[in-house]
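Student: The working numbering numbers the first residue of the sequence shown as 204 and each following residue consecutively.
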Amino acid sequence: RRRVVVDTSTLIGAALRPDSVPRRALIAALRTCEPCVSPATLQELREVLLRPKFDRYAPLQAWLDFWTLVSRHSCLVELDAR
204 RRRVVVDTST
214 LIGAALRPDS
224 VPRRALIAAL
234 RTCEPCVSPA
244 TLQELREVLL
254 RPKFDRYAPL
264 QAWLDFWTLV
274 SRHSCLVELD
284 AR
């Protein structure tokens, strides 16, 4: 399968807006590719989604479910800081 890197801003956009381009891109990646994220991306996604300002968009469990979906269906890649 072809791999595609998904960044934090795309994941946040996908989480916040179900009808957004980032959500459609993530769904397409999950269906046709192997999405790849770094551990830092997953950590940042979790930290951002757990901010109180996002409570008005969805309940906490929805954010945790989204994070779990992304983490389970993505390959983890370590970034080389060179």
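In this text, a Cβ means the ideal position worked out from N, Cα and C, and glycines have one as well. If you're wondering where the values come from, they're calculated on a predicted model, not measured in any experiment.
Straight-line CA distance for D258 to V273?
Tutor: C-alpha separation (whole angstroms): 19 Å.
Student: Between the region 238-250 and the region 262-276, are three or more C-beta pairs nearer than 8 Å?
Tutor: They touch, by the three-pair rule.
Student: Does the distance from the CB of R220 to the CB of R226 come in under 8 Å?
Tutor: A contact, by the Cβ cut-off of 8 Å.
Student: On the premise that V207 lies in contact with P238, defined as a C-beta separation below 8 Å, what is that separation, rounded to the nearest angstrom?
Tutor: Yes, they are in contact, since the Cβ atoms of P238 and V207 sit about 6 Å apart, within 8 Å.
Student: Assign E281 to one of three DSSP states: helix, strand, or coil.
Tutor: Three-state DSSP puts E281 in coil, outside helix and strand.
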